[in-house]
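What the sequence shown shows, in the UniProt record's numbering, is residues 1 to 684, in sequence order. Cβ atoms here follow ideal geometry from the backbone N, Cα and C, with glycine treated the same way. Note that the structure is predicted; figures quoted are calculated from it, not measured. For reference, the structure discussed in these notes is given below.
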Amino acid sequence: MNNQQKQSFADGAMIKAALIDSVKKMGPKTQVENPVMFLVYLSAWLTTVFFFFALAGIQDAPTAYIFTIAIILWLTVLFANFAQAIAEGRGKAQADALRSSKKEVEARRVASLDDLETVETVCSPDLHKGDLVLVKAGETIPADGDVVLGAASVDESAITGESAPVIREAGGDRSAVTGGTSVLSDWIVLQVVNEAGNSFLDQMISMVEGANRKKTPNEIALQIFLIALSMIFILVTIALYAFSAFSATMEGATNPVSITTCVALLVCLAPTTIGALLSAIGIAGMSRLNQANVLAMSGRAIEAAGDVDILMLDKTGTITLGNRQASEFIPVDHTDEMELAQAAQLSSLADETPEGRSIVILAKEKYGLREQEIKDMTFVPFTAATRMSGVDFQDVQIRKGAADTMMKFVEKAGGHVSFETREVVNAIATKGGTPLVVVKNNKILGVVYLKDIIKEGVKEKFSDLRKMGIKTIMITGDNPMTAAAIAAEAGVDDFLAEATPEGKLDMIRKFQQEGHLVAMTGDGTNDAPALAQADVAVAMNTGTQAAKEAGNMVDLDSSPTKLIEIVQIGKQLLMTRGSLTTFSIANDIAKYFAIIPALFVGLYPQLDVLNIMRLASPQSAILSAVIYNALIIVALIPLALRGVQYKELPAGKLLSRNLLVYGLGGLVAPFVCVKLIDLLINCI
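Listed below in structure tokens is the structure:
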């Protein structure tokens with residue numbers, strides 16, 4: 001599901017399919033799910049019955065007039081169905097693309113990790129949770145699983161759309177693999193985590209198609225409000241008809257309002273615009289999230305993202321590039337800078353970490369030192385126990401490692417740690433860097449300054465979030481001094497240093513108790529408790545099964561920065577729903593004052609002073625209004641699917657802006673459009 005699979009509203013095949021679905025949705029069982037449009041549906045049936053009565057000679061209005069009203073009301077229902085069908089069609093197109101990557105393959109099931117030679121070949125649907133499967137280079141991974149043995153390069157483009165392969169290996173937080181992806185090199189043994197039919201791909205297809213989509217609490221609340229509003233207009237219409245019938249009995253009164261006209265008036269006054277588009281807005285919001293390569297487990301999660309006011313972000317990979325880079329060699333105690341660079345480079349020749357390679361590159365670029373080959377060199381690899389690495393050759397011993405570890409190492413060997421060394425180490429830590437101390441034959445030569453590289457544009461992003469009233473908190477395992485320096489450089493509002501699973505969980509609970517909505521990302525098993533507690537929890541697709549099960553969203557690209565985009569999509573969804581609701585209600589108010597005077601001026605001549613639009617006749621007034629009422633739904637479908645343009649502004653400013661644009665637009669549009677339609681009708 002990549003950007004190339006995004007669907008355009010103007011796709012001819014999709015529009016054709018949506019029109020067919022619109023007709024299929026005409027049944028009462030489907031219509032009753034949307035109470036406001038069900039009212040229009042009943043009104044269409046009622047006017048249709050009146051038309052047949054008129055053909056039989058029982059008329060309360062001209063036959064052609066009743067027939068026209070009935071047709072327009074049926075078109076209104078059809079247009080509402082089309083809005084939902086076109087939104088669903090975009091999701092189905094995405095699902096079809098995903099379904100094409102789902103296929104049955106043969107799998108090598110093994111009995112145990114100790115015996116990989118005994119293999120049973122089975123079809124992928126016959127695999128069960130807990131089965132061990134061997135997958136070799138060139139083969140398709142048959143099911144979702146966690147790598148329990150081996151490491152391999154995996155092509156995940158079928159799921160993420162990203163062509164660059166990724167490494168999946170046993171242990172750590174990069175062990176999850178997805179069925180339908182392919183192993184490019186080496187081999188792995190995975191343990192199946194889902195039964196057939198419940199795979200991650202199956203869940204994606206189901207969610208994208210909207211099969212599991214349930215109305216969110218906000219949608220339900222808005223729908224209740226719209227129902228209440230519709231009931232008020234039902235009472236208003238009944239009262240207007242009663243006044244009309246009563247006035248028609250008075251001497252000199254003419255042109256009583258017909259039942260057909262009152263039914264059409266009710267449809268015009270009811271909030272049909274937002275009622276028709278409400279479902280499409282929700283489906284389109286989920287579709288936009290899917291296009292961003294994020295799978296939401298519920299519509300509620302997207303809405304919560306729109307209300308989030310606390311963002312907890314991992315430092316590594318989100319705020320920084322993730323790999324610390326050597327930026328400077330700082331000699332101490334009168335050591336020659338070239339000697340320090342040479343020792344640092346020799347100790348890093350066998351170090352394949354990004355930090356180690358950056359030391360070799362810095363020595364080469366800044367001092368012209370080429371990688372040296374010395375006879376009888378013995379490399380000492382880094383271990384968690386020693387926290388240092390290095391090289392031994394002839395009578396020389398070189399070590400480099402974390403500052404506190406190397407200081408203890410030197411002191412234990414009888415060496416001396418100078419005040420200058422401690423001062424340099426503290427200065428680097430204060431700047432947010434990582435000091436690596438280089439030691440040669442138990443004498444400290446100097447310090448390598450490893451710098452966390454802040455991602456370009458991140459500071460501006462955080463500034464935009466601050467304008468929106470969102471507080472950003474950086475989570476890091478660094479010590480408080482280093483964390484404070486990086487937080488200041490990145491522009492985050494706060495930080496949690498030396499973070500532990502318990503610390504993250506406690507911080508989230510504290511904010512929630514204060515009434516905040518919290519979002520965070522995670523990929524490890526130790527992130528699962530905090531993800532389960534957060535209001536918006538984005539798990540990385542490359543992460544562990546525990547993290548994915550705890551989250552309510554999964555980022556297929558495994559990009560921690562995606563959380564910012566998710567919040568923007570959530571806010572855009574809420575803005576779109578709010579803006580179109582404002583437009584719809586303003587529309588109803590405008591239609592009330594535009595139509596009522598023209599409709600009842602025959603009964604109450606005094607209303608002529610309010611008939612500012614000078615519509616040709618009561619019948620053309622109501623016809624113009626119902627035509628406009630139907631066409632405005634079609635006109636707003638692209639906006640409902642695309643979403644209202646998002647801007648990084650505080651909630652108060654956004655509300656004022658949207659009230660002005662959509663509130664004022666909703667008031668003006670009916671006056672202009674109804675008048676134009678009235679002129680057109682009378683020209684015909």
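Two segments are said to touch when three or more pairs of C-beta atoms, one from each, lie closer than 8 Å; by this definition the segment 416–431 does not touch the segment 458–465.
Membership of R357 in the alpha helix (DSSP H) is indicated by the continuous run 354–367.
Burial of I69 is indicated by the presence of at least 16 other C-beta atoms within 10 angstroms of its C-beta. Counted as a single uninterrupted DSSP element, the beta strand (DSSP E) harbouring V119 occupies residues 115–123. DSSP, reduced to helix, strand and coil, places V192 within a strand of the structure shown. Taken in chain order, the whole alpha helix (DSSP H) runs of length 4 or more contained in the segment 282–316 are 299–307. Separation of L649 and M575 (C-alpha to C-alpha, rounded to the nearest whole angstrom) is 12 Å.
Bounds of any beta strand (DSSP E) do not take in R642; it lies within the alpha helix (DSSP H) bounded by 618–642. Here Q223 carries a helix assignment [DSSP, helix/strand/coil]. Along the segment 422–495, the beta strand (DSSP E) occurs as fully enclosed runs of 3 or more residues at 434–440, 443–451, 471–475, listed in sequence order. Within the segment 504–540, the complete alpha helix (DSSP H) segments at least 4 residues long are 528–533, listed from N- to C-terminus. Cα atoms of G145 and A413: separation of roughly 48 Å, rounded to the nearest angstrom. Membership of T378 in any alpha helix (DSSP H) is not indicated; the residue belongs instead to the beta strand (DSSP E) covering 378–380.
Proximity to N218 across T581, L599, A640 peaks at T581, based on C-alpha coordinates. The beta carbon of A350 sits closer than 6 Å to those of F379, all from its chain and outside the five residues before and after it, given in chain order. A Cβ-Cβ separation of about 5 Å places L113 in contact with L149 under the 8 Å criterion. Here I281 is not near L654, since their CB atoms are 8 Å or more apart.
Here DSSP, grouped into helix, strand and coil, assigns P62 to coil. The continuous stretches of alpha helix (DSSP H) do not include S559, and DSSP gives it neither H nor E. Here T482 is buried. Its C-beta has 16 or more other C-beta atoms within 10 Å.
Straight across, the Cα-Cα distance linking F53 with L660 is about 46 Å. The criterion of a C-beta distance shorter than 8 Å is not satisfied by V674 and V308. A buried status is given to R90, since no fewer than 16 other beta-carbon atoms sit within 10 Å of its beta-carbon.
Going by beta carbons, N526 and P501 fall inside the 8 Å limit.
Straight through space, the alpha carbons of D336 and K364 are spaced by roughly 16 Å. By the neighbour-count definition (other C-beta atoms within 10 Å, threshold 16), S656 is an exposed residue. When the alpha-carbon of F671 is set against those of S347, A621, D535, the nearest one is in A621. Per DSSP, W45 has no beta-bridge partner at all. Around the beta carbon of I612, fewer than 16 other beta carbons sit within 10 angstroms, so the residue counts as exposed.
Residue environment: E106 is assigned as exposed (fewer than 16 neighbouring CB atoms within 10 Å of its CB, all protein chains considered). In this model, E117 and V110 are separated by some 8 Å (Cα to Cα). Within 10 angstroms of the beta-carbon of T178 lie 16 or more other beta-carbons, which makes it buried. Bridge partners of I259 according to DSSP: none are assigned. In this structure, L636 and I681 do not form a Cβ contact; the two beta carbons are roughly 22 Å apart against a cut-off of 8 Å.
Per DSSP, M613 is not a residue of any beta strand (DSSP E), being assigned neither H nor E. For E328 against Y449, the beta-carbon gap comes to about 4 Å, under 8 Å, which counts as contact.
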